[in-house]
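In the working numbering, the protein residues as written are 9 to 74. First comes the structure, then the notes that go with it.
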């Protein structure tokens, strides 16, 4: 599995906590945060989707990583 084209083993993994969303995991590296692994629901039976937060510093981080 990859996140933003990057291997998952370079990310720190935390429980996700986004209000009104069913994401179960948050992957973080520097100031880049990706929430995903949504629980399957009637509205989302395959558990698809993600939520990306990348600050200005996160843009610098991804440039440095790639």
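Virtual Cβ for every residue (Gly too), placed ideally from N, Cα, C.
What whole-angstrom Cβ distance do residue i and residue j have, given they're in contact under 8 Å?
{"i": "residue 62", "j": "residue 40", "result": "5 Å"}
{"i": "residue 43", "j": "residue 31", "result": "4 Å"}
How many Å lie between residue i and residue j at the Cα?
{"i": "residue 71", "j": "residue 11", "result": "15 Å"}
{"i": "residue 16", "j": "residue 35", "result": "8 Å"}
{"i": "residue 14", "j": "residue 74", "result": "8 Å"}
{"i": "residue 18", "j": "residue 51", "result": "32 Å"}
{"i": "residue 66", "j": "residue 59", "result": "14 Å"}
{"i": "residue 49", "j": "residue 64", "result": "33 Å"}
Determine the closest residue to residue i out of the options, with distance taken between C-alpha atoms.
{"i": "residue 69", "options": "18, 21 and 37", "result": "37"}
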